[in-house]
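If you're matching them up, the sequences are chains A and B in order.
Letter 203 of the first sequence, counting from 1, is numbered 203 in the working numbering, and no numbers are missing.
Count along the second sequence from 1, then add 493; that gives the number in the working numbering.
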Amino acid sequence: MRPTLPGRAALGAAGRWVDERLGLREAVVELARHPIPPGSASWFYALGSATLTCFGVLVASGLCLALFYVPSAGDAWNSLEHLTYGVPLGWLLRAVHYWASNFMVAVLTLHALQVFLFGAYKYPRELTWMIGVCLLLATLANAFTGQIMRFDQDAYWGIGIGVAITGRLPEIGQQLVYLLLGGPIVGGRTLSRFFALHVFVVPGLIGGLVLLHLRLVLRLGVSEPPVAGRPVDPDHERARYLERLRREGIPFFPDAAWRDMVFSGLVLLGILGCAALFGPKGPGGAPDPTQIHTVPRPDFYFLPVFALLALLPPWLETPVVLIAPLLGVLALLALPLIAWRGERHPARRPVAVLVVVAGFTVLGILTRVGMTAPWSPHMQAWSADPTPVADVRGRSPLELQGALLVQAKQCRNCHALDGVGGRRGPAFDGVATRLTRDELVRQVLQGGGNMPAYGKQLEPDEVTALVAFLRTLGPPGQSARPPVEARLRAVGD
Amino acid sequence: MSQTPGPDPGAEATNTTRRRFLLALGGGLAGLGALVLLVPLLGPLLSSAWRASVSLRWVSVGPVDSFPKGQTRLASFRNPFTVPWDGQTAEIPCWVRRKDDGSFQIFSVHCSHLGCPVRWFAGSGLFLCPCHGGVYYADGRRAAGPPPRGLYRYAHRVRGGTLQLRGGHVPTLAAPL
């Protein structure tokens, strides 16, 4: 027999005293031991609880951050700098909050993906899915407002981007912008507004929705792993499920719960590891709007939107930006109402699998392009990137003058030379083999094809020099493209 | 139940009506109270939207002499609707172009595409946007890229040797300057 510790006995007595009044013990035990289908004790089912773990870390670390953060436009940035550099382990606290948000977005996405591919949103779990969609939106909303809490340059101009998009709404655009900003302009009132959203409104909403989500999971029972050839038949689904639970059900705790705990533990370690290794994000430059030498970029998960806004043709932009998100959300919400019965296994749902593959391919490509942003001019290229020596060796004085103009007229901001420089326009390397002298002159003077006209910026002799230099830029051994007449003559021969 | 002497059915009916009335009264009163409570709760929140028509104000950008002819320079002005806790965000930048004939053009730094700050490049005579590659000519016209229009332009005037502009809100497509 184990020797009983006196402290343990006292603790047990205290526990019994509390529960005699509170009466929760029985309910908690019943909840923990609720039966689940044996197949559902699987690693796939640990994603939801891991998302909740991330949320817990965010709430806890957020509370601690609130003890240091000053939600005032004039002081927010300073208070974060102080927390990062002046408070012991302050940087780690900020890093944990930042990485927990990244993990939450990632794990939540995986969770949604698994539920979608398993067809677990079908009868009777339609409402569970819809609330899950709302949770996904609320999480993204708080990821965006979280970027604003840093209140650095990216945050300041990030709000500007939100404002510019909102301002495109017909009729109510301006009123909505003022409502969002708390005034006619980005400032102190704006940060207070986003602070309240980030710290009270959205987390409160998430908490409430999580309770509903969990209530539904417990009431309807967790879904079984899909089996090909066994479609959901709403008329008999509930009876079949309950009968199976009665015969084969295993208690959630501890048979399945240990996986949730192990996975959540790994997520916690992952958050801590990333936080310790990579540290917090920012804050970047101080939120001084007059410091316009900034290149605003959104956090990772908004890069696809950032890329899309650069690549869409202008006439498609407003409808896509304003209507597409609405349609996407409606489609997600309506999904379980449309496909509420039938096959659940992905092998029998080729369209669903195709949608996922196509969707994530598009997101992946947009993220990748968003990271390199080839449409953005390289603002420092004209002064920071030297002309390659090989491109000036053995050139005539006129051509050298042209090489100088390429730098001085800031052509390199958009055109790369030897792989260095902007990629907004085509690279100069080999331009001589693509365009004749006259075509180059015309392009420089009149622009076109997304290039501005430089007619007013260049004297005629400067154009001559510039084009003379560009004409020397071809691959070694390949001569420059001859004028049209010469080519016609060649064809005639 | 039926054996116990209770109030006669007539009294029961009276009681029900009475209870229903009190319930309706209570519900109505609480509902009305909640509704009226919305005024102080949401009023301040929404006020920023219905004060949307707040007229812009004239503010100083600096002495006329600080803008050489033939140049475009970054200047700033103090937001006329500032609050003390605005910090650095109270100073709003703008591009001031003084033409060779001495006349002015003042542009918002906000790209008309998505509001990023455009930069002036004197060598190429262009404003470039770092976000999505919007390009504008020196006079603010759209030159290339995704912007749907040219740069937003402030109204301006010269008073007593000082350049002033009419500003105070962030320009958008819905409400350009």
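Heads up, the beta-carbon is just placed ideally off N, CA and C, and yes, glycines get one too.
It should be emphasised that the depicted structure is a prediction, and the values quoted were computed from it without experimental measurement.
Between the CA atoms of residue j and residue i - distance to the nearest angstrom
{"i": "Glu-584(B)", "j": "Ser-569(B)", "result": "6 Å"}
{"i": "Gly-595(B)", "j": "Asp-558(B)", "result": "10 Å"}
{"i": "Val-87(A)", "j": "Asp-152(A)", "result": "19 Å"}
{"i": "Pro-577(B)", "j": "Pro-71(A)", "result": "14 Å"}
{"i": "Arg-434(A)", "j": "Gly-285(A)", "result": "42 Å"}
{"i": "Asp-75(A)", "j": "Glu-81(A)", "result": "10 Å"}
{"i": "Leu-575(A)", "j": "Val-321(A)", "result": "With chain A running from 1 to 493 in the structure shown, residue 575(A) is simply not present."}
{"i": "Asn-413(A)", "j": "Asn-450(A)", "result": "14 Å"}
{"i": "Phe-574(B)", "j": "Gly-265(A)", "result": "50 Å"}
{"i": "Leu-52(A)", "j": "Gly-208(A)", "result": "12 Å"}
{"i": "Leu-531(B)", "j": "Leu-110(A)", "result": "40 Å"}
{"i": "Thr-48(A)", "j": "Val-107(A)", "result": "According to the sequence shown, residue 48(A) is Gly rather than Thr. Roughly 8 Å separates the two Cα atoms."}
{"i": "Gly-419(A)", "j": "Glu-343(A)", "result": "52 Å"}
{"i": "Thr-464(A)", "j": "Arg-424(A)", "result": "24 Å"}
{"i": "Asp-235(A)", "j": "Arg-341(A)", "result": "10 Å"}
{"i": "Pro-251(A)", "j": "Pro-664(B)", "result": "60 Å"}
{"i": "Ala-73(A)", "j": "Val-28(A)", "result": "45 Å"}
{"i": "Pro-280(A)", "j": "His-97(A)", "result": "8 Å"}
{"i": "Val-356(A)", "j": "Gly-364(A)", "result": "12 Å"}
{"i": "Asp-233(A)", "j": "Ala-358(A)", "result": "29 Å"}
{"i": "Leu-180(A)", "j": "Gln-174(A)", "result": "10 Å"}
{"i": "Gln-410(A)", "j": "Asp-632(B)", "result": "18 Å"}
{"i": "His-625(B)", "j": "Phe-300(A)", "result": "17 Å"}
{"i": "Val-202(A)", "j": "Ala-32(A)", "result": "28 Å"}
{"i": "Gly-501(A)", "j": "Val-295(A)", "result": "No answer is possible for residue 501(A): the residues shown for chain A start at 1 and end at 493."}
{"i": "Leu-67(A)", "j": "Arg-571(B)", "result": "32 Å"}
Helix, strand or coil at residue i according to DSSP, with G and I counted as helix
{"i": "His-213(A)", "result": "helix"}
{"i": "Thr-472(A)", "result": "coil"}
{"i": "Ala-636(B)", "result": "strand"}
{"i": "Glu-459(A)", "result": "coil"}
{"i": "Pro-283(A)", "result": "coil"}
{"i": "Ser-601(B)", "result": "strand"}
{"i": "Ser-396(A)", "result": "coil"}
{"i": "Ile-585(B)", "result": "strand"}
{"i": "Val-87(A)", "result": "coil"}
{"i": "Phe-614(B)", "result": "strand"}
{"i": "Gly-297(A)", "result": "Here residue 297(A) turns out to be Arg, not Gly, going by the sequence shown. Three-state DSSP puts Arg-297(A) in coil, outside helix and strand."}
{"i": "Thr-433(A)", "result": "helix"}
{"i": "Thr-665(B)", "result": "coil"}
{"i": "Gln-564(B)", "result": "strand"}
{"i": "Arg-591(B)", "result": "strand"}
{"i": "Met-451(A)", "result": "coil"}
{"i": "Glu-224(A)", "result": "coil"}
{"i": "Ala-60(A)", "result": "helix"}
{"i": "Glu-171(A)", "result": "coil"}
Cross-strand partners of residue i (DSSP beta bridge)
{"i": "Tyr-630(B)", "result": "Leu-619(B)"}
{"i": "Gln-657(B)", "result": "Ser-553(B) and Arg-650(B)"}
{"i": "Ile-36(A)", "result": "Ile-250(A)"}
{"i": "Val-232(A)", "result": "Gly-342(A)"}
{"i": "Phe-570(B)", "result": "Ile-585(B)"}
{"i": "Leu-417(A)", "result": "Val-420(A)"}
Chain D contact for residue i (CB, 8 Å cutoff)
{"i": "Asp-593(B)", "result": "Going by chain labels, chain D is absent from the structure shown, which instead holds the protein chains A and B."}
Residues of its chain near residue i, where Cβ-Cβ distance is below 6 Å and the 5 sequence neighbours each way are ignored
{"i": "Pro-298(A)", "result": "Phe-306"}
{"i": "Leu-440(A)", "result": "Val-467 and Leu-470"}
{"i": "Glu-248(A)", "result": "Pro-38"}
{"i": "Phe-195(A)", "result": "Pro-71"}
Residues of its chain near residue i, where Cβ-Cβ distance is below 8 Å and the 5 sequence neighbours each way are ignored
{"i": "Thr-387(A)", "result": "Ala-403, Val-406, Gln-407 and Leu-417"}
{"i": "Phe-263(A)", "result": "Trp-43, Ala-46, Leu-47, Ser-49 and Ala-50"}
{"i": "Pro-586(B)", "result": "Leu-567, Ala-568, Ser-569, Val-602 and Pro-610"}
{"i": "Leu-400(A)", "result": "Val-392 and Phe-469"}
Sequence-distant residues of the same chain with beta carbon closer than 7 Å to residue i, five excluded per side
{"i": "Phe-103(A)", "result": "Cys-54, Val-267, Gly-270 and Ile-271"}
Listed from N- to C-terminal order along the chain, which residues in the segment 118-144 of chain A have their beta-carbon within a distance smaller than 7 Å of any beta-carbon of chain B?
none
Which residues, in order along the segment 175-186 of chain A, keep a beta-carbon less than 8 Å from a beta-carbon of chain B?
Gln-175, Leu-176, Val-177, Tyr-178, Leu-179, Leu-181, Gly-182, Gly-183, Pro-184, Ile-185 and Val-186
Return the residues of the segment 615-645 of chain B that lie within a Cβ-Cβ distance of less than 9 Å from chain A, sorted by chain order.
Ala-615, Gly-616, Ser-617, Gly-618, Leu-619, Leu-621, Cys-622, Pro-623, Cys-624, His-625, Gly-626, Val-628, Tyr-629, Tyr-630, Ala-631, Ala-636, Ala-637, Gly-638, Pro-639, Pro-640 and Pro-641
Relative to chain A, which residues along the segment 576-603 of chain B have a C-beta separation below 7 Å, given in chain order?
Val-576, Trp-578, Asp-579, Gly-580, Gln-581, Thr-582, Ala-583, Glu-584, Ile-585, Pro-586, Val-602 and His-603
Quick one, which residues of the segment 502-535 of chain B are near chain A if we go by CB-CB under 7 Å, in chain order?
none
Could you name the residues of the segment 376-389 of chain A whose beta carbon sits closer than 8 Å to any beta carbon of chain B, in the order they occur along the chain?
Ser-376, Pro-377, Met-379 and Trp-382
Listed in chain order, which residues of the segment 17-50 of chain A have Cβ atoms closer than 9 Å to some Cβ of chain B?
none
Members of the segment 450-467 of chain A that neighbour chain B once the beta carbon cut-off is set at 8 Å:
Asn-450, Met-451, Pro-452, Ala-453, Tyr-454, Lys-456 and Gln-457
Contact residues within the segment 158-176 of chain A, judged by C-beta distance below 9 Å to chain B:
Ile-159, Gly-160, Ile-161, Gly-162, Val-163, Ala-164, Ile-165, Thr-166, Gly-167, Arg-168, Leu-169, Pro-170, Glu-171, Ile-172, Gly-173, Gln-174, Gln-175 and Leu-176
Quick one, which residues of the segment 55-82 of chain A are near chain B if we go by CB-CB under 9 Å, in chain order?
Ser-72, Ala-73, Gly-74, Asp-75, Ala-76, Trp-77 and Asn-78
Name, going along the chain, the residues of the segment 212-234 of chain A whose beta-carbon falls closer than 7 Å to a beta-carbon of chain B.
none
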